[in-house]
Structure formats: structure tokens, C-alpha cells
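Structure, as C-alpha cells:
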Amino acid sequence: MSKPIIALVGRPNVGKSTLFNRLTRSRDAIVADYPGLTRDRQYGTGRLGKSPYIVVDTGGLSGETEGVDPLMAGQVRAALDEADAVLFLVDGRQGILPADEVIANYVRLFDKPVQVLVNKAEGYDHDVAKAEFFQLGLGDPIAISSAHGDNVEKAIDHVLEQLPEKEDEEDLELDAQPGIRVAVIGRPNVGKSTLINRMIGEERVVAFDMPGTTRDSIFVPFERDGKEYTLIDTAGVRRRKNIKEKIEKFSIVKAIEAMEQSHVVILVIDGSEGLTDQDLTLLGLAIESGRGLVLAVNKWDNLTTYQREQVKHELDSRLQFVEYAKKHLISALHGSGVGDLFKTVQQVHEAAFKKVSTSDLNRVLEQAVLEHQPPLIAGRRVKLRYAHLGGLNPPRVIVHGNQVDKLPEAYTRYLTNVFRKAFKWIGTPVTIEYKATQ
Ligand code: GDP
Ligand code: GDP
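So the sequence shown is numbered by our numbering: it starts at 177 and just counts up by one.
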């Protein structure tokens, strides 16, 4: 369940972002693109070969010989600390540069499995391309081409195979968590801890805290209005002695993991600050996770009537691409809006897991096609013949038909909306996949 974290390091221009794109392209794409969403290019999930993973592109390490300090700066260090394995990219066409050696020495400090990947090796003899990189002293390099894909799948499988198995045990632990699993995520200081405390309500905690299986998140089972929940606490509330004490540092990887372990994600935004880039990054990752999503716009108590109107307007116009997620204007501090937030969490959970019968799906598909026919492509009408449910959380509809690869994006959006309405799929992404039939 918890996916290994792979960090990409290397000098600028060795091909890290090219590799990153290749490693994350195969992720279970949550349809369409979402206009207005700045995609974070640093974190992604993917599955190219046998198993899934989370990739972090650490950005270019200059490898300046001024000392190791510049490398130690913030982000890179944090990424390597969190990583289970490191992919160290070098440029096979340039050979070893001093900066590569500086980086090699640096990654060695972390004592993590490191795989050297000799990139841009297409058209070269792989043995020759990688020969000099043995000198880095980091084991057998693998020659790859990020741009063409040569050996990339083999390399990632090789790296993942070296990692200790941890899946089964964690799956069991996760399955043992009662009720609706809710991840509360958001950037620092938006009010996650305050909201979590508000949600749990001290007296309602029915079981003791269990240590989270991965990194630092903690599962907190609790009950509210007779319903069971398990909160996935990324803010570390349950570990602090008091609310003032901040022991957790913000980690996007932790947020990604919490979302993967959850059924429903509450993304907390600080209403008094409006939308920031980091909010949008988290939002993008939440959409990608495919989980049910609720937006909690917090600190509403802190705003004047005029400001409230402004913030509402901003959110409405900038978050159109995620209109499926309900927005709740809340005050975690005073508790206003929190009850409604719970109602939505329940609704979203129900929607994301609702089983829809094949006959109902087909009835809706038929009606949708009648009301709005798919277009003619080169004089032939695209035919959508039948549909079935391919999965839940998020709901996946598989539609069989001919020429389906030619269907315009707009038609998929239309169908998505029809299904969403018909089956009350609120708060959850919905994906449509097509299968060609003759
Ligand atoms: P980054 O700075 O490490 O993220 O590097 P980029 O991914 O931006 O790539 C730098 C340059 O190398 C770009 O011009 C890429 O097109 C090119 N590049 C990346 N991978 C390969 C490859 O496998 N073969 C070749 N020939 N060029 C590549
Ligand atoms: P976290 O870093 O996301 O866990 O944020 P905290 O819960 O620690 O809150 C950060 C600050 O925002 C604290 O000073 C809180 O008291 C304050 N805060 C949280 N929720 C609210 C709210 O609803 N209204 C107001 N006015 N302040 C809030």
C-alpha cells in the first residue's frame, strides 16, 4: 500500500525531468487535464514496471565544489531523507564531471540504496557508455535513455526489487482501521491541527492512537454521531504535548501517502490568505490520488463580509476545474461549519464506493447518446455500445465502442457529467476509459 519513494538526483541537464515525466506518465491518469491547475513537476506517482512508486525530482544539484553545504540546503536534503532509494542520473555523453563526484559523495552520506543511471545512451554500446561510471563507487551503473525509454522500466524494476518488502503488513494494518479514513492535508498554518482537534473532540476518542506505519502519519480512530472514522493525521497533532509545540515539518511526500491511505481527503485552505501555489500543488496531487475530495476554507471567522465575498469569488473562478469538490467555509477555531463538513465527508465516501449496476449504467449511457450523439469521424459515427463499472473510489466507467480513440475530449466531459448527475457521484473524480470493439 505504501509506495516506495524514489528520489532523482543529478546535475542540471542530465535528463532528470525527462526521466521524471517518463516515470510518472503511466500513472493511473485521472482523465482529462484540469485547466487552471499548475501541475507540480517535482512530485508524482507512477507505475512503469511491476510496482508503483512515488518519485521526487530534487532539481539540479549544482555540484559546486565550494563544499557540500549548498547541497545540504533544504529541499534536496529533505527529499533524500524521505527517500527509500536514490536514482543518480549522469550524462553518458559527457562522461564524469567533477560535479558528479561531489554529488556521489553527498548521496553516500544518506546511506540509502543508490542506482547510477547513465542517461542519453541511445545509439551507444551500453557497456562502453557505463564503463567509466563504475569509478563513482556506487555499484553497477545501468545505461538508459530517458528520452527514448530504453532500459528505463528495467532500471526502475531493478531498484524496486532491492527494497525490502513491506506491503503485506501495512495493508493489513490499514485494513484494520475502522470506518471512513479521512486525510486532512494542507500547507503549514492553514489550521489542520486545530481542525483535527475539533473533529476528534477529545472525549470522543474511542481507541488509543496507533503509530502510523509509514513515515510520520498517525491513525486516529474516533466516533462521531455514531459513525466510525479514522483520521490520518499528517499534522502530528497526536504527538505533541500541546498545540503550540510544532514537531512536524511539512512534507509533500507525507501528504501524498496520507491521501493514498485515505478514502476521503479534506484539503484545508487558509481563507484569510486566498489560494497559494502550494495549495494548488496539493490540490493537483489530491486530484491525482483519485480520492474523494472536500475543500475546507478555514479561518472564515477572520474575514470581513467584504473579504468573504472576494474570497468566494476568487475560489469560484480559480477552482472551476474541480467543481466536483464541495467547498466548506469553516472556522476550525470556533467550530462553525465543521458539522456540515462531516456530512459531506460521509456523502463523498458513499458516492465513491457506491456500486452501480451494469444495467443502470447502460440505461444512462443510452440516454446520453440519444440526447447528444457522438460526432461523425470521417463520415462514420462513433458508436458507444455498452458500459460497465471498472472500479470504485474513484468510480471508473469502461465504455465499449468503435472509433473511441477519436472521441473528442469534450464528449468525455459531457459523458462524465451525465454519469455524475445520474449516480450522484459527488465529491469524487470520475474516470471514463474506452475499449475498442469491432
Ligand atoms: P534536467 O535538467 O536534469 O531535468 O534535464 P532535462 O530532462 O531537462 O534534459 C536536459 C536535456 O537533455 C534536454 O534537452 C533533453 O531533451 C535531453 N535529454 C534528456 N534525456 C535524454 C536522452 O535520453 N537522450 C538524449 N539524447 N537527450 C536527452
Ligand atoms: P497547521 O499548521 O495547519 O496544523 O495549523 P494550526 O492548526 O496549528 O493553526 C495555525 C494557526 O492558525 C494557529 O494560530 C491557529 O490558532 C490559527 N487558526 C486555526 N484555525 C483557525 C480559524 O478557524 N480561525 C482563526 N482565526 N485562526 C485559526
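For every residue, glycine included, the Cβ atom is placed at its ideal position computed from N, Cα and C.
When distances are taken from the beta-carbon of P188 to the heavy atoms of ligand 1, the shortest one is below 7 Å. Between the beta-carbon of I182 and that of V231 there is about 5 Å, and that keeps the pair under the 8 Å contact cut. Judged by pairs of C-beta atoms under 8 Å, the region 428-441 touches the region 357-364, as three or more such pairs exist. In this structure, ligand 2 has no non-hydrogen atom nearer than 7 Å to the beta-carbon of D409. Taking 4 residues as the shortest admissible run, the region 283-364 contains the following complete alpha helix (DSSP H) segments, listed from N- to C-terminal end: 302-307, 328-338, 343-351. In the DSSP assignment, V440 forms a beta bridge with V358, G468. Here F395 really is in contact with Q353; their C-beta atoms are around 5 Å apart, less than 8 Å. By a beta-carbon distance limit of 8 Å, N474 contacts I445. Their separation comes to about 7 Å. In this structure, the alpha-carbon of F518 lies about 21 Å from that of R363.
Uninterrupted alpha helix (DSSP H) stretches at least 4 residues long and entirely within the region 576-605 occur at 585-599, given in chain order. For the 8 Å CB-CB criterion, I442 and V470 form a contact. Assignment of K192 by DSSP, reduced to helix, strand and coil, places it in the helix class. The region 500-507 and the region 537-557 do not touch, with fewer than three beta-carbon pairs separated by less than 8 Å. Across the set T194, K488, K600, the C-alpha of T194 shows the shortest separation from the C-alpha of D326. If you draw a straight line from the Cα of E298 to the Cα of D260, it comes to about 28 Å.
Excluding the 5 residues flanking it on each side, F426 has same chain C-beta neighbours closer than 6 Å at P364, in chain order.
N295 is positioned such that its CB atom lies no closer than 8 Å to that of G222. When DSSP states are grouped into helix, strand and coil, G515 belongs to the helix group. Between the region 321-335 and the region 396-408 there are fewer than three C-beta pairs closer than 8 Å, too few to call the two in contact. For Y229, the enclosing beta strand (DSSP E) begins and ends at 229-233. T534 and E585 have their alpha carbons spaced roughly 24 Å apart. The C-alpha of I376 lies about 27 Å from the C-alpha of L568.
Between the C-alpha atoms of L312 and E277 there is a straight-line separation of about 7 Å.
For K559, the enclosing beta strand (DSSP E) stretches over residues 559-567. For S369, the number of other beta carbons within 10 angstroms of its own is at least 16, and it is reported as buried. Distances between the C-beta of H302 and the heavy atoms of ligand 1 are all 7 Å or more. With respect to the C-alpha of F286, the residue from A275, F264, G268 having the closest C-alpha is F264. According to the DSSP secondary-structure assignment, V262 is paired through a beta bridge with A183, V290. In this structure, ligand 2 has a non-hydrogen atom nearer than 7 Å to the beta-carbon of L509. Approximately 5 Å separates the beta-carbon atoms of E609 and I574; this is inside 8 Å, confirming the contact.
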